[in-house]
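Reading through the structure tokens given below for one structure.
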Amino acid sequence: MSTIQQLAITKRGKFLVKAVQTDGKVVCWGQVVRSKGTRTEHDGERTFLASKIELQTVEITETLVAELTRQTTEDPKYARTAALSQRMDRELGDKLNRLAAGDKTALLFG
Numbered sequence: 001m002s003t004i005q006q007l008a009i010t011k012r013g014k015f016l017v018k019a020v021q022t023d024g025k026v027v028c029w030g031q032v033v034r035s036k037g038t039r040t041e042h043d044g045e046r047t048f049l050a051s052k053i054e055l056q057t058v059e060i061t062e063t064l065v066a067e068l069t070r071q072t073t074e075d076p077k078y079a080r081t082a083a084l085s086q087r088m089d090r091e092l093g094d095k096l097n098r099l100a101a102g103d104k105t106a107l108l109f110g
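For the sequence shown, my numbering gives the first residue as 1, with consecutive numbering after it.
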């Protein structure tokens, strides 16, 4: 089942719309900080003037979520955190693979 939602296109990037207010403001979810499939977690919310952004109705797909996540990793505010998270994910994956192969030293930290 696909999910349809509004997307705000701003000078600072693309954001999923949370609510369009009657006072001419659009409240959006913040940057995507984590995702799995089409499910996303955000860093709060952003508010924009409706007259300064473009609204589109889009289907939430894994491709769109990947684009929004990539936008976050390119943001200098999140680049270091995203790089650290990716490194930790790789290291954990390596340890789990070693453990599955019978290497008990994979449990050691360091």
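Just so it is clear, CB atoms sit at the ideal spot from N, CA and C, and this is done for glycine as well.
For residue 106, the secondary structure class from DSSP, reduced to helix, strand or coil, is helix. Three or more Cβ pairs closer than 8 angstroms define a contact, and the segment 55–74 meets that threshold against the segment 3–16. Looking at the DSSP output, residue 35 bridges to 40. Beyond the five residues adjoining it in sequence on each side, residue 75 comes within less than 7 angstroms, by CB distance, of 31 in the same chain, given in chain order. Here the C-alpha atom of residue 55 lies approximately 31 angstroms from the C-alpha atom of residue 85. The DSSP-derived three-state label of residue 21 is coil.
Within the same chain, 106 come within 8 angstroms of residue 96 by CB-CB distance, once the 5 residues on both sides are set aside.
With contacts defined as CB atoms closer than 7 angstroms, residue 34 and residue 41 qualify as a contacting pair.
Assignment of residue 12 by DSSP, reduced to helix, strand and coil, places it in the coil class.
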